[in-house]
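Chemist: Got a structure for you, written out below as structure tokens; questions coming shortly.
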Amino acid sequence: MRAPSRDLLDPLTASTRVRRELGSAVGPLTTACTALVEHPRLRELWPEYLVLQHQIIRATVPLTEAALESSRALPEGDPLRDQLSAYLAEHVDEELHHDDGLLDDLESLGVSRAKVLGRMPSPAVATLVGAQYYWIHHHHPVAFLGYVALMEGYPPTPELLETLAARTGYPVEAFRTFDQHAELDPGHRDHLDRTLDALPLTERDESAIVASATTTAALAAKALLEIL
Amino acid sequence: MAREIPDYVAEYLLERMVAHLPDEVLDVLVTLTPEQIEGLSRVGRAFDEAECERHLVTFSIH
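So the sequences go chain by chain: H and E.
Counted the way this note's numbering counts, the first sequence spans residues 17 to 244.
Counted the way this note's numbering counts, the second sequence spans residues 60 to 121.
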């Protein structure tokens with residue numbers, strides 16, 4: 017095979033390049049998600065999965081606020097500061113109260129809020145979220161966009177919801193948050209992609225976003241496999 | 060509908076498809092003979108006909 021022609025790849029936008037790199041790294045997460053859906057004890061595991069998602073999602077707004085604060089604190093001449101801050105401010109609004117929705121879903125399955133909040137998140141969850149705080153505070157808040165790229169990049173589909181409901185036998189109330197994300201996340205993903213394409217990203221910025229995205233994919237897979 | 064695909068477009072499409080393969084898989088594929096690839100292709104067609112190919116899913120909520 018001849019070497020790929022850079023001339024053909026260069027016109028790709030930043031969002032396409034990030035998504036392509038993420039697509040190459042998402043295999044372990046696909047394996048973990050598929051193993052969950054096909055698991056013979058899916059009905060028993062589904063509440064565990066929702067608890068795991070709650071542990072991750074409860075950090076979304078605080079993480080985005082940390083990234084926003086760091087972005088606003090960038091030097092005045094930083095070419096990313098204003099646009100990145102504007103995106104992050106909007107993203108906080110997009111994500112408000114999603115963790116509460118998961119608690120409602122869990123309550124409909126008989127798992128109390130107190131029980132969910134009393135569980136200590138695993139080291140994999142702490143590493144997944146903690147890596148973002150590190151990069152936000154000690155590198156550049158633009159890296160956080162990689163985390164969003166993974167988390168918003170693979171929304172559940174209506175077909176998946178039907179499969180989950182059929183295989184678990186749980187009522188539709190148990191899937192409200194998933195249903196909401198199936199509807200909202202494609203729009204959020206497009207919002208991020210437009211932002212990636214509009215930001216004056218350097219190669220270094222883009223590398224940071226890709227590293228953050230691929231690390232998030234690997235750690236999300238690890239956290240999920242631990243409950244299977 | 061049959062289409063004429065110019066060589067430079069075919070090359071670009073090939074690159075895009077290869078970009079999604081893990082390096083480990085690509086390393087093995089490039090060592091296979093045409094006969095071995097044909098064998099793989101027959102297995103793939105058999106899966107298609109049996110309609111039992113595993114349905115992979117990736118999902119995340121945020």
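Don't be surprised by glycine CBs; every beta carbon is placed ideally from N, CA and C.
Remember, it's a predicted structure, so these values are computed and weren't measured experimentally.
Between Ala229 of chain H and Leu45 of chain H, how many whole angstroms is the CB-CB distance? I'm expecting something under 8 angstroms.
Modeler: That belief does not hold up - the Cβ atoms of Ala229 of chain H and Leu45 of chain H are roughly 11 angstroms apart, past 8 angstroms.
Chemist: Which class does Tyr65 of chain H belong to by DSSP, given the choice of helix, strand or coil?
Modeler: Helix, per DSSP.
Chemist: Identify, in the order they occur along the chain, each residue of the same chain with its Cβ nearer than 6 angstroms to the Cβ of Ala83 of chain H, setting aside the five sequence neighbours on each side.
Modeler: If we look at Ala83 of chain H and ignore the five residues flanking it on each side, its Cβ neighbours are Leu104, Ile152, Pro157, Phe160.
Chemist: Return the residues of the stretch 43 to 64 of chain H that lie within a Cβ-Cβ distance of less than 7 angstroms from chain E, sorted by chain order.
Modeler: Of all residues in the stretch 43 to 64 of chain H, Gly43, Leu45, Thr46, Cys49, Thr50, Val53 have a Cβ within less than 7 angstroms of some Cβ in chain E.
Chemist: Looking at the unbroken alpha helix (DSSP H) that takes in Arg149 of chain H, where does it start and where does it end?
Modeler: Per the sequence shown, residue 149 of chain H should be read as Tyr rather than Arg. Tyr149 of chain H -> alpha helix (DSSP H) spans 139 to 154.
Chemist: Whole angstroms is fine: what's the gap from Arg18 of chain H's alpha carbon to Ala69 of chain E's?
Modeler: Its pLDDT being 47, under 50, Arg18 of chain H is placed unreliably by the model, and the measurement read from it follows with that caveat. Their Cα atoms are separated by approximately 12 angstroms.
Chemist: For Pro81 of chain E, return the contacting residues in chain H, with the cut-off set at a CB-CB distance below 8 angstroms.
Modeler: Going along chain H in sequence order, the residues near Pro81 of chain E (Cβ under 8 angstroms) are Ser40, Gly43.
Chemist: Using a cut-off of 9 angstroms between C-beta atoms, extract the partners of Pro171 of chain H located in chain E.
Modeler: Within 9 angstroms Cβ-Cβ: Phe118, Ser119, Ile120, His121.
Chemist: Give a yes or no on whether 8 angstroms exceeds the smallest Cβ distance from Ile73 of chain H to chain E.
Modeler: For Ile73 of chain H, the answer is yes, since a Cβ of chain E falls inside 8 angstroms of its Cβ.
Chemist: Specify, as a first and last residue, the run of the alpha helix (DSSP H) that His114 of chain H falls within.
Modeler: 114 to 124 is the span of the alpha helix (DSSP H), which, as asked, contains His114 of chain H.
Chemist: Rounded to a whole number of angstroms, what is the C-alpha to C-alpha distance between Arg35 of chain H and Val116 of chain E?
Modeler: Taking the straight line from one Cα to the other gives about 17 angstroms.
Chemist: Interface residues of chain H around Ala69 of chain E at Cβ under 9 angstroms?
Modeler: Simply none; closest approach about 11 angstroms.
Chemist: For the stretch 90 to 116 of chain E, which residues have a beta carbon sitting closer than 9 angstroms to at least one beta carbon of chain H?
Modeler: The stretch 90 to 116 of chain E vs chain H, Cβ under 9 angstroms: Arg113, His114, Leu115, Val116.
Chemist: Between Pro171 of chain H and Phe118 of chain E, how many whole angstroms is the CB-CB distance? I'm expecting something under 8 angstroms.
Modeler: The pair is a contact, with the Cβ atoms about 7 angstroms apart (cut-off 8 angstroms).
Chemist: Which term fits His121 of chain E, buried or exposed, when burial requires 16 or more other beta carbons within 10 angstroms of its beta carbon?
Modeler: Result: buried.
Chemist: How about Thr193 of chain H and Asp121 of chain H: do their beta carbons lie closer than 8 angstroms?
Modeler: Yes; because the gap between Cβ atoms is below 8 angstroms, this pair is in contact.
Chemist: Give, in chain order, every residue of the stretch 118 to 144 of chain H whose Cβ lies closer than 9 angstroms to some Cβ of chain E.
Modeler: Listed by position along the chain: Leu118.
Chemist: According to DSSP, simplified to helix, strand and coil, what is Val77 of chain H?
Modeler: Reduced to three states, the DSSP call for Val77 of chain H is helix.
Chemist: Please list the terminal residues of the continuous alpha helix (DSSP H) segment that includes Val42 of chain H.
Modeler: No alpha helix (DSSP H) contains Val42 of chain H, which DSSP labels as neither H nor E.
Chemist: Report the rounded CA-to-CA distance for Val102 of chain E versus Pro63 of chain H, giving the unit in angstroms.
Modeler: When rounded, the distance between both Cα atoms is 38 angstroms.
Chemist: Counting only beta-carbon separations shorter than 8 angstroms, does Thr193 of chain H have a partner in chain E?
Modeler: Yes, its Cβ sits closer than 8 angstroms to a Cβ of chain E.
Chemist: Taking 8 angstroms as the CB-CB cut-off, is Glu81 of chain H touching chain E?
Modeler: Taking Cβ atoms only, chain E never reaches closer than 8 angstroms to Glu81 of chain H, which makes this a no.
Chemist: Compute the beta-carbon to beta-carbon distance between Arg129 of chain H and Leu119 of chain H, rounded to the nearest angstrom, for a pair I have assumed lies under 8 angstroms.
Modeler: Rounded, the Cβ-Cβ distance is 5 angstroms, consistent with contact.
Chemist: In the DSSP assignment, find the unbroken alpha helix (DSSP H) run with Ala190 of chain H in it and report its ends.
Modeler: That residue, Ala190 of chain H, is in no alpha helix (DSSP H); it is neither H nor E in DSSP.
Chemist: Looking only at its own chain, which residues have a Cβ that is under 8 angstroms from the Cβ of Arg59 of chain H, when we skip the five neighbours before and after it?
Modeler: Closer than 8 angstroms at Cβ, skipping near neighbours: Arg183, Thr184, Gly185, Tyr186.
Chemist: Using a beta-carbon distance cut-off of less than 7 angstroms, what residues from the stretch 208 to 242 of chain H approach chain E?
Modeler: The residues in question are Ala236.
Chemist: From Ser40 of chain H to Glu168 of chain H, what distance separates their C-alpha atoms?
Modeler: Each residue's alpha carbon lies about 17 angstroms from the other.
Chemist: What residues from chain E crowd round Gln69 of chain H, counting only those whose CB sits closer than 7 angstroms?
Modeler: Result: Ile120.
Chemist: For Ile64 of chain E, which of helix, strand or coil comes out of DSSP?
Modeler: Ile64 of chain E falls in the coil class under three-state DSSP.
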